[in-house]
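Per my numbering, the very first residue in the sequence shown carries number 484; after that it's consecutive. Ideal placement from N, C-alpha and C gives every residue a C-beta, glycine not left out.
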Amino acid sequence: MAVAEKETLGFQAEVKQLLQLMIHSLYSNKEIFLRELISNASDAADKMRFEAINNDALYGNDHELKIKVLFDKEAKTITISDNGIGMSRDEVISHLGTIAKSGTKEFFSKLSGDQQADAALIGQFGVGFYSAFIVADRVTVETRRAGAEPSEAVRWESTGEGDYTIEAIEKINRGTDIILHLREGEEELLSSWKLKSIIRKYSDHISLPIVMKKEEWDEEKKETVVKDELETVNQASALWARSKSDITPEQYEEFYKHVSHDFQAPLAYTHNRVEGRSEYTQLLYVPSHAPFDLWDRNKRGGIKLYVKRVFIMDDAEQLMPVYLRFVKGVIDSNDLPLNVSREILQESRDVRVIREGSTKRVLGMLEEMANSEEQEGKDKYATFWKEFGQVLKEGIGEDATNKDRIAKLLRFASTHADSSDQTVSFADYVSRMKEGQEKIYYVTADSYTAAKNSPHLEIFRKKGVEVLLLTDRVDEWMLSFLENFDGKELVSVAKGGLDLGKLEDEAEKKEHEETETQYKELVEKMKGALADKAKDVRVTFRLTDSPACLVADEHELSANLVRMLKAAGQNAPESKPILEINPNHPLVTRLKYEDAASPRFGDWAHILFDQALLAEGGSLSDPASFVKRLNEMLLGGAAK
């Protein structure tokens, strides 16, 4: 119901914070305000088309959708008008007074004070309307929803200082008018030439006409005269529907910024028209940085779906697998019905074809970067991997059809590289395998430092065998679906018995057998002392410097995975680890001659176990006892 009086309402707290950022020129290029407002007007027109599919009466006698940009030098105003869907009073309050989106708190927690970085976040969050306050000290919005009466129109107005007014007005035409009352010093924007140049630079790709009043030179008056006649200042055709040869890289880039609300250029894009049993056009982009909500698997607004150039929805999640949720772009189908529903999207054969084809196109883009001989391509893939690598790993378990392609795109830290920033592929690893090496070795840990310093790597360093260092939370899950690469088995260095195969010569094997016999009695004594902690105790030859390490049985969860599950509040199956002791370490040699009945033997055995647990990143169940035992051992040694 229309409200006759003007009401003053307060902004949501987050909007106040955002407005302060905007007003202090957070955007590095303030011209972008016009792109943001035109983009919003374009979205309103898209929604109008969609709602009118089943209710043509919404158009009334105005079927020609367009965006109008006008300016008034005397009043110092710029007006952006559209005849799109418009807004009701409740929608105005919801859209302009509140950031009604999930992730709001996280969004503001990520604002750093760095103008460029924060501007990128604001763009991703889709709150470009507030960019109007960069150039305006007062903004007026007059809007009437399609299908509503002229008397149900609404005027919203604010100076961006914490509150806004809202009142009912008469508005003959549907749609929205945004009037910007410019700040002092922004007069250069009150120029037909200036506004046209901004529109052509940032919004030429918009698929409906952006019109302005025509200007002509009056020879008699010797000045430019504004006519009532309107002219279109952009190309006004869907960019994805044009021939690739007619589109410049700059236009592709600006269209990306339009569909993604990103402020940075994409890493790569692919534009294709697919013909056959299903006909569709795809224009897909890989961003250059991760959005703040990348890990929200339910946030899927990357792909806009059009049917025969008519906008249908902007979160067509069925058209792209979850592990490619970072991809942005447009898919325009000739085969889907105009009134397509989410249910049809879930069941349609055509949708499956589009999804499979689009997935292959995206993987093709990534392969092109990953396999590039040029440094630029290599740098781009390194950027992609840093931003999106963990998400791509999800595809190993979710996309069996493309598992082999995805595996070739994976990158890992390695003992071959000098830092965590240097990554290697499986193919790199295989090319460097030692003569006689038959397996790909890896270790998992919760950090690069913990993985690099794992005692399990000692024998591999001694023999010069490369080990992959896996530290992403998704790695343990991924490995349950990835058992080999190029016929080479993937083996954890921290699970099961150590089997170096042909990397170990016969002399070494014979020496190991003899040593195991010599330490058989000690192993049995330690099993008894650690019966409550260790599943088994055995001699190992994987250690060169450390006295002991813990390993999981071959078919049990790794210690790292168990820790992650518990940290996430999940139930993890209880299992005792296996303690492996280094027969060449002085502590172990000394323990060999200790009386099993002596309290010192039990203390030493527990200290070795607890040290091994700490070395692999675990936590002690009884730290106080560990400290007490260690202190007693130290004091005993000092007394001697």
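Any idea what DSSP makes of K971, helix, strand or coil? strand
Contacting residues, own chain, Cβ-Cβ under 6 Å from F943 (five flanking each side not counted): V950
Is the beta carbon of K787 sitting closer than 8 Å to the one on V813? yes
Jot down the residue ranges of each uninterrupted beta strand (DSSP E) in the stretch 686–713, minimum 3 residues, whole runs only, in chain order. 693–701
Decide yes or no for the touch test of the stretch 1029–1045 against the stretch 930–944: beta carbon pairs closer than 8 Å, at least 3 of them. yes
Return the CA-CA distance between I649 and L579, expressed in angstroms with no decimal places. 11 Å
Within 10 angstroms of the Cβ of N566, are there 16 or more other Cβ atoms? Answer buried if so, exposed if not. buried
Assuming A527 and L691 form a contact by the criterion Cβ under 8 Å, report the distance between their Cβ atoms to the nearest whole angstrom. Rounded, the Cβ-Cβ distance is 10 Å, inconsistent with contact.
Who are T1127's beta bridge partners in DSSP? In the structure as shown, the chain starts at 484 and stops at 1123, and residue 1127 therefore has no counterpart that could be examined.
In terms of residues, what are the limits of the alpha helix (DSSP H) holding Q765? Element bounds for Q765: not the alpha helix (DSSP H) but the beta strand (DSSP E), 763–769.
Rounding to the nearest angstrom, what Cα-Cα distance links G658 and L665 in this structure? 22 Å
Could you have a look at S564 and say whether DSSP puts it in helix, strand or coil? strand
How big is the Cα-Cα spacing for F494 and R628? 22 Å
For the alpha helix (DSSP H) holding H741, just list the boundary residues, first then last. 732–743
Which stretch, first to last residue, makes up the alpha helix (DSSP H) that contains M531? 515–535
From the DSSP output, which residues share a beta bridge with A651? V637
Does the structure place the stretch 697–714 close enough to the stretch 761–774 that three or more beta carbon pairs sit under 8 Å? no
Which one of T842, V874, K705 has the shortest CA to CA distance from D776? V874
Proximity of E702 and V708 at Cβ, strictly below 8 Å: no
Any contact between the stretch 917–930 and the stretch 968–975? By contact I mean 3 or more CB pairs, one from each, below 8 Å. yes
Neighbourhood of F964 by C-beta distance below 6 Å, restricted to the same chain and skipping five residues each side: I879, G880
Using the Cβ count rule (16 or more neighbours within 10 Å means buried), how would you classify G1119? exposed
Where does M796 sit, in a helix, a strand or coil, going by DSSP? strand
So T764 and D815 are in contact, right, with Cβ under 8 Å, and what is the actual spacing, rounded? 5 Å
Which residue marks the beginning of the beta strand (DSSP E) containing Y752, and which one marks its end? 751–757
Tell me which same chain residues have a C-beta within less than 8 Å of the C-beta of N537, skipping the five on either side of it? N822
Out of F516, A883, E996, point me to the one whose CA is closest to Y806's CA. A883
Measure the CB-CB distance between W723 and H754 and report whether it falls below 8 Å. yes
How is K1008 classed by DSSP in three states: helix, strand or coil? helix
Going by Cα to Cα distance, which pick from E994, E877, A990, T1023 is closest to V1006? T1023
Kindly list the residues whose CB is nearer than 7 Å to the CB of A1122, restricted to its own chain and excluding five residues on each side of it in sequence; keep chain order. With a pLDDT of only 46 at A1122, under the threshold of 50, the placement of this residue in the model should not be trusted, and no figure is reported.
Is there contact between the stretch 551–562 and the stretch 665–674, where contact requires at least three CB pairs shorter than 8 Å? yes
My output table needs one value for R1021: the three-state DSSP class, helix, strand or coil. strand
What is the DSSP secondary structure of K978, counted as helix, strand or coil? strand
Alpha carbons only, please: which of A910, R1083, L892, V913 is nearest the one belonging to L1117? R1083
So, are the CB atoms of K891 and S908 less than 8 Å apart? yes
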